[in-house]
Amino acid sequence: MNINAKTQIQEFRSVGTRPVRQDGVDKVTGRARYGADYNMPGQLVGLVLRSPHAHARIKSIDTSAAEALKGVKAVITAADLPDHADGDEGLLEILDNCMARTKARYDGHAVAAVAAIDEATARKALGLIRVDYEVLPHVTDVDEALKSTANVVHEHATSRVDPEQNVPLNVHATEEFGHGDIEAGFAKSDLIVERSFKAEQSHQGYIEPHACVASVNADGTGDLWVTTQGHFSYRIVCAQLLGMDVSKLRVTSSEIGGGFGGKTHVWAEPVALALSRKAGRPVKLTMSREEVFRSTGPTSPASIDVKIGVSNEGVITSAYAHLRYGCGPYSGVWGMLGAMTAFACYDIENVKTIGIDVRINRPKTAAYRAPSAPVAAFAVESVLDEIAQKLDMDPLELRFRNAVKNGSRSSYGPTFGTIGLVEVLEAVKSHPQLNVPLAANQGRGIACGYWFNIGGQTCTTLNIGVDGTATLTIGTVDVGGSRSSMSLVAAEELGIDYDKVKTVIGDTATLGHNDTTEGSRGTFSSSMATINAVKQAIGVLRERAAKMWEIPVDDVVWEKGCARAVGEEHGNLPTLSLAEIAKEAPNTGGPIAGHSEIVAEGVGVSFGAHICDVEVDPETGATKILRYLVVQDAGRAIHPAYVEGQYQGGAVQGIGWALNEEYVYGADGRLQNAGFLDYRIPVCSDLPMIDTVIVEVPNPGHPYGVRGVGETPIVPPLAAVANAISRATGVRMTHVPMSPPRVLAALENAKVT
Amino acid sequence: MNGIAVSTAINGDDIEFLCRPEETLLTVLRDRLGLMGAKEGCGTGDCGACSVRVDGRLVCSCLVLGAEVQGQVVETIEGMASGDSLHPLQEKFLEHAALQCGICTPGFLMAAKDLLERNPDPSEEEIRFGLAGNLCRCTGYDKIVRAVQDAAQVMRGDAA
Amino acid sequence: MVDVNVWGSLSTCTDNQKVIQIEATTIRGLLRELVEKYPGAAPWVKRGISVSIDGEIIRDDWSKTLPDDAEIYLIPRMTSG
Ligand code: FES
Ligand code: FES
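This is the structure:
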């Protein structure tokens, strides 16, 4: 472990320590309950019938044979999910994705569902449903979809923005950012490098499939147990889609077995609720791994052109990127995010980015950890690496010469405040990995990455127990240890020990709305709300102490977990501990609690830089990662072990994408590799230890200086690995994943030309 | 239904159950016996989240039929701790923060226990290959490998 | 009156001006005036706009005041993984 703190502005007692997590014992003993580990009395098994076609009109669905099967309690189609969207296009898209209404728009699109007394019966019933399809032409490739001859994916393909007035129908949206005059900038450049890149589609690959248990009662109330990153958002969307009152649906988030963005959207939950409503019994719906791959989550495939001009001194004079992201059959924000993040690490006088969302017959894309940024960084950082080679300049030095600092204007507009990219690069520079010599067929790649981080609506409650311990209830789902981080924050603020605070995730009935845990917001915003809630509780505790002492509350201060009377006349009063005050609570005004309902603003952006050493086998094209280093600004690491875990996990997801992971579609528009055997995520033996350095440049927008840390780690790896392979082989890699056949082909190609 | 009657020993207790011929051990454990520590990540033998031991052999319980464990000894994550004292591997996983979401953890613990019982002093490479049948999407494996190394040392009784 | 910088694609609704003048003291007022002056911006506001005030990006809190001489940028409202 290595923490490189730039400025130690605060002294902490709990924050920054590494205690054992509070949900840990349950998780190592098999007692923790995930989405599929819950049952309700009288529960049925739900299964979904999915389209085998990439694009087809649904002419009719005959469910009569399935309904007649003994043990089948409900069969539903889109007709059982009437349109309550009230003209809200976004909501209608979600509904259409949950259950195809008129057309199946991708291989795996749900068309019907059944609930039966057991899985065997439900499976048999699925086989009895007759769907009459009219197969339509499809398109699954981003660049193909942009051609004027391409098949139209969605009939409502309205494009809000149309700068050239001739946008093809499959363009969902175009976004543009930048400043200055790029043409003038290129005219001034001493060197210009221009290249095109392609990134295949990857999946978040969480190990836990989507699972839920839904129960809708005849009186219009309901319960949903579900694995999700945001149970409050699930509640709103499900209630709206089913025409229920939001407050009558209680959603409880189970332990979540990974999400990474893939569990921010509803998929089968509205279907499970509709089945339960129709059957009049609870329904458990669990996806198979094949369904997870075919029907949920993937990130966008992308195609990107980058052009960068520099002076001989290595200063970027002009930069341009055109980024095209596939968004599935509906709408997306991926082009926008790619266009905003592409050049965010660099201070550039003339810059322009255009991001496009392209509709294709693939599953509706979901966010995947810093969505869009990894492939944008792949393209931009690769071109920078090539520029460094051409200028014969150290690639790290090239980054130093262009890195954004406090006061730099970002490529997407606003001026940066306190940021830590230069500190990150300094930490890289002094790291010993840079001095390890490389042998033949080995290469070292560097790349930087950026993510915004977000705040949002957040709500917490702190209750003081009769013995002076505290329960903290938060509403942001714990995707990787945040309950422990929140206990650390509450303990810090209250001045008591970590093990005297227990943090739990409240269901939707116990707290006000909390936005989904996404965009690295969980720790950032819940810690802010926790600090507020504790401060409020301390106010109450001081009042109670004042009552016990019969002195004015202004004469009571809170210190180290105790109330202390200040002022001459109270000088001899011994302090009152939290436990002593709690014990007296019945006689001083009742239960003691603190609440906080906020919109967390003041997010701190996070920069990182990765160094990757590889060895490439020229015979097979296989790449071995020899060493890997992640350096990133955390602002303040509340629980450093879990910050390191985020760095390592994100980096390895990026390495998997860089080397192996890709959706393979056949000419028939069907996904060819919907399983972990053929969609290969990294295993233990593929990897070395992942070294980390936590840089701490506190975020002035947070009381402890916290920045979000979960997203940025996946941004640099594609580029870091590509640059390492390019340097090891002498051939520039422009297509991820760089699987052995693709690397081999690139090497062969280079020999020919 | 043609239920098959099966007698087995699970975590030291004699257990009898009825199952269908096609039912997997994983389904039996989770749905019939309430032992939900083994997880289904794939159902096809690719993720290791369902790892248990049958007669001392590490298996993916999604690939074993329930009826196959007749007369055999089954060990699951629920039997790993003794009473209220955790197994050294469980302790070290917690200490090293070797889990994030934790869905893979029961499988990793079973696989690691099996590995260390066969090879009490594995090299890093042996650990990495020994655990290559278990997928973890959250941690990047670094802290898992360290936890296993540390637990191996404790189990051998070496001075830390 | 504050100077408001708009990002590339939103400027298609503001007569291609990258900087516009808006009479407002809060984010709420800014967004209201924006739509009043440039009705084409309405769908953008509906989908979500964040406001950067001197580099601090405000996503949700529309009561934030706009200090005189502040650097103000509009950017799309962020969601993510
Ligand atoms: S569930 Fe058995 S190996 Fe994945
Ligand atoms: S901790 Fe989440 S899959 Fe391993």
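Protein chains in written order, with this note's numbering: chain A, 69 to 821; chain B, 37 to 196; chain C, 713 to 793. All C-beta atoms in this analysis are idealised placements derived from N, C-alpha and C, irrespective of residue type, glycine included. Computed from a predicted model, the values in this text were never measured in an experiment.
message: Please identify, using Cβ separations under 9 Å, the residues of the stretch 157 to 173 of chain B that lie next to chain A, in order along the chain.
response: E160, E161, I163, R164, F165, G166, L167, A168, G169, N170, L171, C172 and R173
- prompt: Pick out every residue whose C-beta is nearer than 6 Å to a heavy atom of ligand 2: which are they, in chain order?
  reply: Cβ-based neighbours of ligand 2 within the cut-off: I275/A, G326/A, L135/B, Q136/B, C137/B, G138/B, I139/B, C140/B, C172/B, R173/B, C174/B and T175/B.
message: Is D178/B close to ligand 1? I mean its beta-carbon at under 7 Å from any heavy atom of the ligand.
response: Position 142 of the second sequence, counted from the first residue, corresponds to residue 178/B. In terms of side-chain proximity, the C-beta atom of D178/B is found no nearer than 7 Å to any non-hydrogen atom of ligand 1.
Partners in chain D for V110/B, counting only beta-carbon separations shorter than 8 Å: In the structure shown, chain D does not exist; the protein chains are A, B and C.
message: Extract the residue ranges of the alpha helix (DSSP H) inside the stretch 439 to 502 of chain A, only unbroken runs of 4 or more that lie entirely within it.
response: 441 to 459, 463 to 470 and 489 to 497
message: Three Cβ pairs or more, each shorter than 8 Å: is that satisfied between the stretch 462 to 481 of chain A and the stretch 805 to 818 of chain A?
response: no
message: What does the alpha-carbon distance come out to for the pair M596/A and R589/A?
response: Position 528 of the first sequence holds residue 596/A. Position 521 of the first sequence holds residue 589/A. Whole-angstrom Cα-Cα distance: 11 Å.
field: Own chain, CB closer than 8 Å to A483/A, minus 5 neighbours either side, in chain order
entry: The residue you call residue 483/A lines up with position 415 of the first sequence. At residue 483/A the sequence reads Thr, which differs from the Ala that was named. Same-chain partners within the cutoff: G475, S476 and R477.
message: With a threshold of 8 Å between beta-carbons, can G185/B be considered close to chain A, or not?
response: Indexing the second sequence from 1 puts residue 185/B at position 149. The amino acid at residue 185/B is misidentified as Gly; the sequence shows Gln. So, not an interface residue.
W725/A: first and last residue of the uninterrupted alpha helix (DSSP H) it sits in: Residue numbering aside, residue 725/A sits at position 657 when the first sequence is read from its first letter. Counting along the chain, the alpha helix (DSSP H) containing W725/A begins and ends at P708 to L727.
message: Please report the distance separating the alpha-carbon of G273/A from that of A742/A.
response: The residue labelled residue 273/A in the question sits at position 205 within the first sequence. The residue labelled residue 742/A in the question sits at position 674 within the first sequence. When rounded, the distance between both Cα atoms is 11 Å.
message: Taking the alpha carbon of A677/A as the reference point, which residue from G773/A, L502/A, Y772/A and G548/A has its own alpha carbon closest?
response: Within the first sequence, numbered from 1, the residue matching residue 677/A stands at position 609. Comparing Cα-Cα distances from A677/A to each of G773/A, L502/A, Y772/A and G548/A, the minimum goes to L502/A.
- prompt: Straight-line CA distance for K179/B to A133/B?
  reply: As a working mapping, residue 179/B is identified with position 143 in the second sequence. As a working mapping, residue 133/B is identified with position 97 in the second sequence. Between K179/B and A133/B, the C-alpha separation is close to 7 Å.
- request: Flag this pair as touching only if the stretch 728 to 741 of chain A and the stretch 683 to 696 of chain A have three or more C-beta atom pairs under 8 Å; answer yes or no.
  value: no
message: Looking only at its chain, what residues have a beta carbon closer than 7 Å to the beta carbon of D535/A, apart from the 5 residues adjacent to it on each side?
response: As a working note, residue 535/A is residue 467 in the first sequence. Same-chain partners within the cutoff: A647 and A650.
Reduced DSSP secondary structure (H/G/I, E/B, other) of A74/B: For the purposes of this step, residue 74/B is taken as the residue at position 38 of the second sequence. In the structure shown, A74/B sits in coil (DSSP, three-state: anything other than H, G, I, E or B).
message: Let me check understanding here. Comparing Cα to Cα, which of V698/A, S674/A, A213/A and E243/A lies closest to D759/A?
response: On the first sequence, residue 759/A is found 691 positions in, with the first residue counted as 1. For D759/A, the nearest C-alpha among the options comes from V698/A.
field: Buried or exposed (CB count within 10 angstroms, at least 16 for buried), A181/A
entry: For the purposes of this step, residue 181/A is taken as the residue at position 113 of the first sequence. Residue environment: A181/A is assigned as buried (16 or more neighbouring CB atoms within 10 Å of its CB, all protein chains considered).
message: Counting only C-beta atoms, is P482/A closer than 8 Å to chain C at any point?
response: Translated into positions along the first sequence, residue 482/A becomes position 414. So, interface residue.
- request: Mind listing the chain C neighbours of M404/A? Cutoff is C-beta to C-beta under 7 Å, in chain order.
  value: Residue numbering aside, residue 404/A sits at position 336 when the first sequence is read from its first letter. Result: P788.
message: Contact defined as beta carbons within less than 8 Å: I believe A823/A pairs with L530/A. What is the distance between those atoms, to the nearest angstrom?
response: The structure shown does not extend to residue 823/A, since chain A spans only 69 to 821, so no value can be given for it.
task: May I have the straight-line CA-CA distance separating S794/A from G670/A, to the nearest angstrom?
output: Position 726 of the first sequence, counting from 1, holds the residue named residue 794/A. Position 602 of the first sequence, counting from 1, holds the residue named residue 670/A. Straight-line spacing of the CA atoms in S794/A and G670/A works out to 39 Å.
task: Flag E197/B as yes when its Cβ comes closer than 7 Å to any non-hydrogen atom of ligand 1, and as no otherwise.
output: Outside the displayed span of chain B (37 to 196) sits residue 197/B, for which this structure offers no information.
task: Mind listing which residues have their beta carbon within less than 6 Å of any non-hydrogen atom of ligand 1? Chain order is fine.
output: E76/B, G77/B, C78/B, G79/B, G81/B, D82/B, C83/B, G84/B, A85/B, C86/B, C96/B and C98/B
- prompt: Any beta-carbon of chain C closer than 8 Å to the one on T544/A?
  reply: The count along the first sequence starts at 1 and reaches residue 544/A at position 476. It does not: the Cβ of T544/A has no partner Cβ on chain C nearer than 8 Å.
task: Give the secondary structure of G662/A by DSSP, where H, G and I count as helix, E and B as strand, and everything else as coil.
output: Translated into positions along the first sequence, residue 662/A becomes position 594. Of the three classes helix, strand and coil, the one that applies to G662/A here is strand, per DSSP.
message: Could you pull the DSSP bridge partners for N717/C from this structure?
response: Mapped onto the third sequence, residue 717/C falls at position 5. N717/C pairs with V731/C and Y785/C.
- request: Determine which residues of the stretch 103 to 127 of chain A have a Cβ less than 8 Å from any Cβ of chain B, and write them out in chain order.
  value: A104 and D105
message: Is it buried or exposed, L745/A, if we count other Cβ atoms within 10 angstroms and call 16 or more buried?
response: One-based indexing of the first sequence puts residue 745/A at position 677. Exposed, since its Cβ has fewer than 16 Cβ neighbours within 10 Å.
query: Does any C-beta atom of chain A lie closer than 8 Å to the C-beta of T80/B?
result: Residue numbering aside, residue 80/B sits at position 44 when the second sequence is read from its first letter. Closer than 8 Å: yes.
message: Output needed for K266/A: all residues of its chain with C-beta closer than 6 Å, excluding positions within five of it in sequence on either side, in chain order.
response: Residue mapping note: residue 266/A aligns to position 198 of the first sequence, counting from 1. These residues qualify, in order along the chain: S371 and H803.
field: Members of the stretch 761 to 777 of chain C near chain A, C-beta cut-off 8 Å
entry: S764, D766, G767, E768, I769, I770, R771, D772, D773 and K776
- request: Could you pull out every residue in the same chain whose Cβ sits closer than 6 Å to the Cβ of D67/B, ignoring the five residues on either side in sequence?
  value: Residue numbering aside, residue 67/B sits at position 31 when the second sequence is read from its first letter. Same-chain partners within the cutoff: there are none.
query: Could you give the distance in angstroms between the alpha-carbon of D623/A and the alpha-carbon of L464/A?
result: Indexing the first sequence from 1 puts residue 623/A at position 555. Indexing the first sequence from 1 puts residue 464/A at position 396. Cα to Cα, the separation comes out at about 57 Å.
- prompt: For M408/A, which of helix, strand or coil comes out of DSSP?
  reply: Mapped onto the first sequence, residue 408/A falls at position 340. Helix, per DSSP.
field: M146/B to V625/A span [Cα, whole Å]
entry: Position 110 of the second sequence holds residue 146/B. Position 557 of the first sequence holds residue 625/A. Approximately 51 Å, taken between the alpha carbons.
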